[in-house]
């Protein structure tokens with residue numbers, strides 16, 4: 003047996019010690035590692051994880067502490083500590099210094115603070131701290147000094163002071179602090195100098211003392227919280243994108259002493275804000291100026307240094323705003339919307355609005371003067387003026403010559419004319435003039451020659467369209483509806499309407515003169531419920547209707563003289579209930595309708611369409627004649643002896659001898675047949691129609707010459723007096 007020397011024993015002992023020590027050293031874990039129970043945590047013995055380290059408990063064996071993670075120094079991927087119910091702090095992560103990826107604390111309901119992570123200095127990705135219901139402090143992240151791309155702090159309801167991240171000087175993407183219901187202040191981020199964007203939103207913040215060194219935000223800054231001053235932004239000089247302040251308790255914008263460069267400004271729902279003083283150093287906006295629902299702002303003083311606003315101006319629902327003259331030095335482009343500013347009297351300050359993309363003026367109740375737009379020369383897209391109660395005309399914008407899009411002038415109750423746009427020559431798309439109840443003329447449109455789309459004249463007090471004498475082009479439909487026009491004089495330059503022509507519910511129109519040069523209509527010709535219309539005179543040049551002809555509800559129309567020269571007609575695809583139940587037909591001509599109120603109650607002469615029907619362009623299935631005084635068959639319309647019922651013609655001599663009075667009437671209406679004793683009073687019928695053409699009163703076999711109308715509602719009506727053989731007289735009746 004060999005004897006082991008003392009030297010060999012010493013070597014052997016040292017080898018055993020080294021092997022034992024090596025066995026106790028922490029090791030590197032390659033790949034992703036998930037720890038789902040306390041035992042998983044306790045068995046952790048790694049200094050580095052090369053992938054993601056995910057700590058999420060399962061419901062059976064919750065994780066209560068992380069103390070066994072004290073060997074961890076580095077995570078190459080993400081560290082996610084999410085949805086744990088018993089972890090109260092991060093003790094155990096004391097040696098962690100570096101995370102290459104993202105760091106997340108989410109849904110840890112008992113996590114009170116971040117104690118234990120105070121030695122973490124570098125994070126390569128984002129930090130998310132969200133929905134940790136018991137979290138009161140994040141100050142342990144003060145040691146992080148570099149590389150963070152973004153920070154999200156949200157839904158931590160017990161957090162009152164955001165007091166961490168004081169070592170950061172830069173955030174490369176974004177900082178978001180939102181929906182922390184009890185967060186009252188931010189005292190952290192004291193060394194932050196630059197961030198791509200910052201959002202502080204929907205917390206309970208009333209003051210901020212952090213951000214002492216913040217100078218640059220490359221994109222946007224959004225603060226939608228209950229803050230009452232901006233002194234924490236005293237070092238800020240640049241915001242590359244929009245600067246948004248919403249739902250604040252700010253009275254002024256004092257505190258923005260060094261701010262001189264901003265992309266855009268958006269102020270909304272700041273109910274205590276009284277002025278914009280504090281923005282005096284801002285000279286241009288590459289984006290928008292947007293003020294929405296700031297109830298106490300009276301003027302835009304503070305923006306007097308602005309020389310340019312590139313992408314548009316919105317001033318809406320600012321109830322006290324009376325003065326926008328501070329913008330007088332700013333060239334304003336883009337889309338302009340000025341709406342619902344109840345105290346705004348004029349647009350002085352828009353002197354440098356020259357060629358905006360669009361201009362929309364809407365419901366500024368006291369606005370009377372738009373001459374501040376005196377240099378407006380063109381609009382690329384749309385021009386809208388809606389719902390103003392005091393605006394009477396467009397005086398002051400005589401420089402406007404072209405509009406590339408559509409025009410809508412609707413619901414301006416005091417607007418009497420369009421005087422002021424007298425040099426407007428063309429509109430690229432359509433035009434709507436609707437519900438301007440004081441508008442009696444279209445003065446202001448004398449130079450207009452072209453409308454590229456549909457043209458609507460509806461529900462106004464229009465008495466004349468003579469100002470349209472130069473209008474030669476309409477690109478789509480032309481609708482004249484619910485006006486008091488007696489005729490259409492002024493439309494003589496129109497020879498072609500590519501779309502439909504709709505003349506409806508114009509109770510004063512008696513003839514169609516003004517359309518004398520109209521040759522063709524690309525769509526339907528509809529003449530409906532014009533209760534004073536007695537003739538179609540004015541359409542003699544019309545030869546072509548590419549779709550259908552519809553004439554209904556014109557109670558005084560006796561014949562169709564005026565459309566004698568139509569030689570070509572198309573059809574419309576319409577439903578014809580009652581004639582062919584639940585079916586659809588192509589109909590070329592409809593004279594009257596299926597219901598009594600759709601009929602032309604005096605119409606007895608169809609001879610003007612005889613040739614057109616006889617030419618075989620209109621088949622029997624394409625012709626509807628119903629509810630008129632005379633309703634000839636398809637064959638009768640074609641015949642020269644049967645296309646009219648002469649027995650129903652109005653006796654002109656009798657008309658001169660008959661008097662229906664008083665008119666207007668309040669109680670009793672009298673019918674004087676003096677000189678016509680040959681009439682049998684028992685054979686006379688008296689009918690009253692409302693302005694829609696609906697029969698409202700009918701006396702058959704009139705027994706007396708006095709009719710009590712006391713219960714008839716006030717308004718305008720039409721009467722027809724007839725016997726068994728003919729219409730004796732018809733006319734207009736006013737009920738007081």
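Residue numbers (this note's numbering): 3 to 738. Backbone N, C-alpha and C define an ideal beta-carbon position, used for all residues, glycine too. Source: prediction; values computed, not measured.
query = Which term fits residue 717, buried or exposed, when burial requires 16 or more other beta carbons within 10 angstroms of its beta carbon?
reply = Here residue 717 is exposed. Its C-beta has fewer than 16 other C-beta atoms within 10 Å.
query = residue 39: which of 61, 191, 599 and 467 sits nearest, CA to CA?
reply = That would be 61, whose Cα lies nearest to the Cα of residue 39.
message = Quick check on this structure: which residue in 314, 333 and 319 has the alpha carbon closest to the alpha carbon of residue 308?
response = 333
key: Given residue 363 as reference, the closest of 377, 357 and 337 once Cα atoms are compared   = 337
Beta carbon of residue 204 nearer than 8 Å to that of residue 189 = no
key: Option in 559, 300, 673 and 327 with minimal Cα separation from residue 2   = Nothing about residue 2 can be read from this structure; the chain reaches only from 3 to 738.
task = Given a cut-off of 8 Å, decide if residue 386 and residue 421 are closer than it, judged by their beta-carbon atoms.
result = no
ask   = Would residue 262 pass as a contact of residue 239 if the rule is Cβ separation under 8 Å?
value = yes
task = Answer with yes or no whether the minimum CB distance from residue 624 to chain D is below 8 Å.
result = Looking at the structure shown, chain D is missing, and only one protein chain is on hand.
ask   = How about residue 501 and residue 525: do their beta carbons lie closer than 8 Å?
value = Against a cut-off of 8 Å, the Cβ pair of residue 525 and residue 501 comes out as a contact.
query = Which partner residues does residue 416 have in the DSSP bridge list?
reply = For residue 416, which the question treats as bridged, DSSP gives no partner whatsoever.
inquiry  = Taking 8 Å as the threshold (C-beta atoms), are residue 137 and residue 150 in contact?
reply    = Between residue 150 and residue 137, the CB-CB gap reaches or exceeds 8 Å.
request  = Along the beta strand (DSSP E) that carries residue 276, what are the first and last residues, could you check?
outcome  = Residue 276 -> no beta strand (DSSP E), and no H or E assigned at all.
ask   = Would you say the region 122–131 touches the region 139–154, given that touching needs at least three Cβ pairs under 8 Å?
value = yes
key: Own chain, CB closer than 6 Å to residue 51, minus 5 neighbours either side, in chain order   = Counting only residues of its own chain and dropping the five nearest sequence neighbours on each side, residue 51 has a CB closer than 6 Å to the CB of 31, 35 and 77.
ask   = Using a Cβ-Cβ cut-off of 6 Å (strictly less than) and excluding sequence neighbours within five positions of residue 407, which residues of its own chain qualify?
value = 383, 384, 430 and 431
For residue 534 and residue 553, believed in contact at Cβ under 8 Å, the rounded distance = Wrong, their Cβ atoms sit about 15 Å apart, outside the cutoff.
task = Entirely within the region 287–350 and at least 3 residues each: give me those beta strand (DSSP E) ranges in chain order.
result = 290–294, 314–318 and 337–341
key: At least three beta-carbon pairs within less than 8 Å, the region 311–331 to the region 346–362   = yes
request  = Give the single residue among 211, 245, 224 and 241 whose Cα lies nearest to the Cα of residue 231.
outcome  = 211
ask   = So, using beta-carbon positions, are residue 302 and residue 328 closer together than 8 Å?
value = yes
ask   = Relative to the C-alpha of residue 540, which residue among 497, 507 and 548 is closest?
value = 497
query = Secondary structure at residue 40, three-state DSSP: helix, strand or coil?
reply = helix
ask   = In the DSSP assignment, what residue or residues form a beta bridge with residue 719?
value = BP columns for residue 719 point to 735.
request  = Measure the C-alpha to C-alpha separation of residue 1 and residue 165 and round it to an integer number of angstroms.
outcome  = This structure cannot speak to residue 1, because the chain is shown only from 3 to 738.
request  = Report, in whole angstroms, the separation of the C-beta atoms of residue 279 and residue 296, which I expect to be a contact under 8 Å.
outcome  = Not really, about 14 Å apart at Cβ, beyond 8 Å.
message = Strictly by DSSP, which residues pair up with residue 663?
response = 672
task = Compare the beta carbon distance of residue 731 and residue 672 with 8 Å and say whether it is the shorter of the two.
result = no
task = Compute the beta-carbon to beta-carbon distance between residue 234 and residue 213, rounded to the nearest angstrom, for a pair I have assumed lies under 8 Å.
result = 5 Å
message = Assuming the contact rule is C-beta atoms closer than 8 Å, residue 400 and residue 438 should be a hit. Round their C-beta distance to whole Å, please.
response = About 20 Å; that fails the 8 Å criterion.
inquiry  = So, at 6 Å on beta carbons, what are the nonlocal neighbours of residue 55 in its own chain, with the 5 sequence-adjacent residues on each side left out?
reply    = 35, 77 and 81
task = Return helix, strand or coil for residue 26, following the three-state DSSP convention.
result = Legend: pLDDT at residue 26 = 47, less than 50; position of this residue unreliable, no value from coordinates given.
key: C-beta contact flag for residue 503 and residue 527 at 8 Å   = yes
C-beta atoms of residue 117 and residue 93 nearer than 8 Å = yes
task = Could you tell me the boundaries of the alpha helix (DSSP H) in which residue 612 lies?
result = That run of the alpha helix (DSSP H) goes 612–616.
inquiry  = Please identify the residue among 322, 273 and 97 whose C-alpha is closest to the C-alpha of residue 74.
reply    = 97
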